[in-house]
Each structure stands twice: as C-alpha cells, then as structure tokens.
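Student: Structure provided below as structure tokens; questions to follow.
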Amino acid sequence: MSDTSPSGETSPGATRPEARRAGRPPAGLDAQFVEPESITYDSTGGVEIHAMVYLPENYDEADPDSIPLLVHPHGGPTAFDGYEYNYRAQYFVAQGYAVVEPNYRGSSGFGREFRNRNDFAWGEGDLDDVVNAADALADAYPTVDPDRAGIFGGSGGGLMTVNALGRTDRFDAGAAFYGVYDYESFMDDTDDVGWRLMKRELGFPATDVENYRDPSPIRAVEDIDAPLLVLHGEQDVRVPLSQSEQLVEELEKHGKRHEFQTYEDEPHGFLKRENVLDAYSRVADLFAKYLQVDPDDGSSRPHRKQDDE
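Each residue of the sequence shown is one higher than the one before, counting from 4 in this note's numbering.
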C-alpha cells in the first residue's frame with residue numbers, strides 16, 4: 004500500500020542512488036553493516052521464491068540453532084527487496100538475529116506473470132511464500148534456529164504479519180506497522196491511490212466480495228496465539244488509523260496479547276527519527292522477550308516459554 008521505496012515502506016536516510024548499491028548505508032554513516040546474500044527456495048505449487056538474507060557478522064557456522072530468525076515481508080504488495088540499504092534488517096542483525104526478506108508471489112522484478120500470481124488471492128500462495136521463508140532460511144544456514152521465529156512488516160507487510168500469526172502457528176511473536184486488516188472497511192476510508200491499488204489486486208468490493216471479506220487478516224484474529232505489537236501513524240491517509248483500531252478492538256475482544264502504539268505526527272510510513280527509534284525499540288523489546296535475545300550485546304539464549312504464554 005506504499006510507493007515510497009522498493010520495499011514498500013518509507014526508508015529514512017537512503018534517498019541517493021549510491022546509498023542503495025550492494026546494500027551499503029548512506030555515505031558518512033559511521034556504523035558496521037553486513038552485506039546481504041540471496042537465496043531461492045521452492046514454495047507452494049512449486050513456485051520458486053527469491054529472498055534476501057542478512058546474517059550477523061562473524062556468526063559461528065559450527066554452532067547449530069544458535070541464531071533466532073526474523074521474517075520481514077515487504078509492502079506494496081508489489082514491491083521487492085534487493086541489494087539496497089536496509090536499516091530495518093541491519094538493526095536486527097546487529098542484535099543477533101538472522102533476517103530473511105522474501106519476494107513472495109506478487110512482487111515486482113520477476114516478470115509480469117509472477118507479479119500477477121496473487122491477484123484476487125491474497126493470503127493464499129503469497130502467505131505460504133512468507134511462512135516458508137523461515138524454514139528456507141534455517142535449511143540454508145544450519146546455524147539459524149527454526150524454532151525461534153518472529154515476523155514484522157509495514158503496510159502490505161503488516162497485513163501479511165497478522166495473517167501469518169492468525170492463519171499459521173509458525174511464529175513466536177509479530178509486529179505490524181500501518182497495515183490493512185479489514186479489506187472492506189479499508190475501501191471506505193483510503194485515498195484514491197489506495198482504492199485503485201486494492202481494486203486492481205482484489206476486484207470491485209461490491210461484486211468481488213469473496214476476495215475482501217474472509218481473506219481479511221481481521222477475520223483470523225481469533226486464532227492468533229502469539230503476542231502482537233501494532234503500530235500506526237495518526238496522519239496516515241493511505242491506510243487510515245482506523246484499520247489498526249479495528250484490529251486492536253478484535254484483539255481485545257478475544258483476549259489476545261498485544262500492544263498498541265500510535266504516533267500523532269506520522270503519515271503512512273514513519274519519517275521522524277525519534278518515532279522510528281521508539282517504534283523499533285518496541286519491536287526489539289518484543290523479540291528479545293519472546294525469542295530470547297539480549298538486545299544489548301546480541302547474545303542468544305536457549306528458547307524457553309515465557310510465564311505468560
């Protein structure tokens with residue numbers, strides 16, 4: 004639902020083309036970063052999926068199941084992830100996570116047929132592609148622990164996060180940024196760009212009701228078991244705050260573990276440094292608690308169930 008960056012999410016600090024080459028950060032940024040690798044894996048229906056992988060620097064290949072994993076689906080949903088500066092992945096890699104970013108069916112960059120594979124079918128093969136990315140990462144890198152998995156994303160990646168938590172039991176925790184959770188009400192509240200994009204993807208809401216109602220992530224809230232962090236900007240006109248408010252209402256109705264944080268001065272995608280830092284600090288705390296990572300030094304501890312699980 005965003006056209007602000009290739010990944011479908013706003014990316015502060017990476018506006019110049021040279022800043023995106025080979026996954027390097029903007030010039031002048033004094034920090035250590037890892038360069039991404041790419042993998043492919045077979046998903047539902049034999050569809051080959053491409054994904055970008057970020058691994059902690061100097062990880063021990065001889066230490067199996069030592070690194071927890073995060074799946075980060077892009078937005079759009081027609082965006083893509085490639086060799087670009089990615090502060091989200093770098094932030095979590097520095098804390099000891101392996102991050103995989105799948106270019107699930109419907110992504111751009113792989114031909115028109117692939118781009119159209121999830122038309123009128125959100126939450127089907129594309130969701131499988133995202134969920135399967137966790138096992139694909141662990142299969143490709145045995146040092147990654149398949150049993151400690153989180154998921155987070157913004158816009159289209161936010162709706163994918165909630166769908167993954169509600170329609171599978173693959174993840175231990177999730178964080179959803181400014182996502183579309185009720186497709187029907189979204190069409191009443193979004194701007195013209197959002198309305199046209201959704202109509203192209205799912206058809207007309209009045210005549211293609213089956214594409215809007217049951218596939219909506221909000222319909223799967225009752226089956227969510229993992230804790231969920233919901234974040235949204237109050238000035239968002241592409242995906243209005245009401246989408247997250249409806250989601251949180253359902254989470255409360257069904258007694259689900261959740262946290263809800265809004266930012267009064269943010270549009271679709273967080274732009275202000277202090278808000279980005281606050282939001283991702285909250286996500287880091289969530290994953291540290293449920294995936295057992297110390298965010299101060301990136302050390303990983305054996306997985307154990309929390310007292311409130």
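No residue lacks a Cβ here, since even glycine has one placed at the ideal position from N, Cα and C. Computed from a predicted model, the values in this text were never measured in an experiment.
Closer than 7 Å by C-beta to L244: which residues in its own chain qualify, once you throw out the five before and the five after it? Chain order, please.
Tutor: Against the sequence shown, residue 244 aligns to sequence position 241. Result list for L244: H235, E237 and T265, in chain order.
Student: When the Cα of V279 is compared with those of F180, R260 and I154, which residue comes out closest?
Tutor: What you label residue 279 is simply residue 276 of the sequence shown in a count that begins at 1. It is F180.
Student: Contact defined as beta carbons within less than 8 Å: I believe P149 pairs with A141. What is the distance between those atoms, to the nearest angstrom?
Tutor: The residue you call residue 149 lines up with position 146 of the sequence shown. The residue you call residue 141 lines up with position 138 of the sequence shown. Contact between P149 and A141 holds: their C-beta atoms lie close to 4 Å from each other, under 8 Å.
Student: What is the DSSP secondary structure of G272, counted as helix, strand or coil?
Tutor: Sequence index remark: in the sequence shown, residue 272 carries index 269 (1-based). In the three-state scheme derived from DSSP, where H, G and I count as helix and E and B as strand, G272 is classed as coil.
Student: Would you say F290 and A209 are within 8 Å of each other, going by their C-beta atoms?
Tutor: If you number the sequence shown from 1, residue 290 lands on position 287. If you number the sequence shown from 1, residue 209 lands on position 206. Their beta carbons are not under 8 Å apart, which means F290 does not touch A209 by this criterion.
Student: State buried or exposed for K275, treating a residue as buried only when at least 16 other CB atoms are found within 10 Å of its CB.
Tutor: Here the question's residue 275 lines up with position 272 in the sequence shown. Answer is exposed; the Cβ neighbour count stays below 16.
Student: Pull the bridge partners of A92 from the DSSP assignment, please.
Tutor: By 1-based counting over the sequence shown, the position of residue 92 is 89. Bridge partners of A92: none, in fact.
Student: Go to G177, then tell me how far its beta strand (DSSP E) extends in each direction, as first and last residue.
Tutor: Here residue 177 refers to the residue found at position 174 when the sequence shown is read from its first residue. Note, G177: beta strand (DSSP E), A176 to F180.
Student: Run through DSSP, which three-state label would E51 get?
Tutor: Residue 51 sits at position 48 when you count from the first residue of the sequence shown. E51 falls in the strand class under three-state DSSP.
Student: So L162 and P220 are supposed to be a Cβ contact under 8 Å. How far apart are they, rounded?
Tutor: Within the sequence shown, numbered from 1, the residue matching residue 162 stands at position 159. Within the sequence shown, numbered from 1, the residue matching residue 220 stands at position 217. Contact holds; Cβ gap of about 5 Å.
Student: Using a Cβ-Cβ distance under 8 Å, would D148 count as near chain C?
Tutor: Absent from the structure: chain C. Only one protein chain is present.
Student: Does P149 come out as helix, strand or coil in the three-state DSSP assignment?
Tutor: Residue numbering aside, residue 149 sits at position 146 when the sequence shown is read from its first letter. Of the three classes helix, strand and coil, the one that applies to P149 here is strand, per DSSP.
Student: Just the C-alpha distance for F174 and Y184, rounded to the nearest angstrom, thanks.
Tutor: As a first step, residue 174 is located in the sequence shown; it is residue number 171 there, counting from the start. As a first step, residue 184 is located in the sequence shown; it is residue number 181 there, counting from the start. The alpha-carbon of F174 is positioned some 18 Å away from that of Y184.
Student: In whole angstroms, what is the alpha-carbon distance linking R118 and G112?
Tutor: Numbered from its first residue, the sequence shown carries residue 118 at position 115. Numbered from its first residue, the sequence shown carries residue 112 at position 109. If I take the Cα positions, the gap works out to 8 Å.
Student: Can you grab the Cα-Cα spacing for the pair Y88 / V196, in whole Å?
Tutor: Counting from 1 along the sequence shown, the entry for residue 88 is found at position 85. Counting from 1 along the sequence shown, the entry for residue 196 is found at position 193. Y88 and V196: Cα-Cα distance of roughly 26 Å.
Student: Quick check on DSSP: helix, strand or coil for P220?
Tutor: For the purposes of this step, residue 220 is taken as residue 217 along the sequence shown, with counting starting at 1. Three-state DSSP puts P220 in a helix.
Student: State the start and end residues of the unbroken alpha helix (DSSP H) segment that holds T164.
Tutor: Position 161 of the sequence shown, counted from the first residue, corresponds to residue 164. Segment G159 to R170, the alpha helix (DSSP H) holding T164.
Student: To the nearest angstrom, report how far apart P20 and Y86 are at their CA atoms.
Tutor: Numbered from 1 along the sequence shown, position 17 holds the residue referred to as residue 20. Numbered from 1 along the sequence shown, position 83 holds the residue referred to as residue 86. Note that P20 scores a pLDDT of 31, beneath 50, so its modelled location is shaky; the value from the coordinates is reported in the next line. Rounded to whole angstroms, P20 to Y86 spans 12 Å at the Cα level.
Student: Could you pull the start and end residues of the alpha helix (DSSP H) that A139 belongs to?
Tutor: Position 136 of the sequence shown, counted from the start, is the residue given in the question as residue 139. From DSSP, the alpha helix (DSSP H) with A139 extends over G128 to A143.
Student: In whole angstroms, what separates the C-alpha of Y44 from that of L130?
Tutor: What you label residue 44 is simply residue 41 of the sequence shown in a count that begins at 1. What you label residue 130 is simply residue 127 of the sequence shown in a count that begins at 1. In a straight line, the C-alpha of Y44 is about 14 Å away from that of L130.
Student: When DSSP builds the beta bridges, which residues end up paired with V242?
Tutor: Here residue 242 refers to the residue found at position 239 of the sequence shown. DSSP output for V242 lists no bridge partner at all.
Student: Please state whether the Cβ-Cβ distance between D132 and I52 is less than 8 Å.
Tutor: Locating residue 132 in the sequence shown gives position 129, where the first residue counts as 1. Locating residue 52 in the sequence shown gives position 49, where the first residue counts as 1. Contact: yes.
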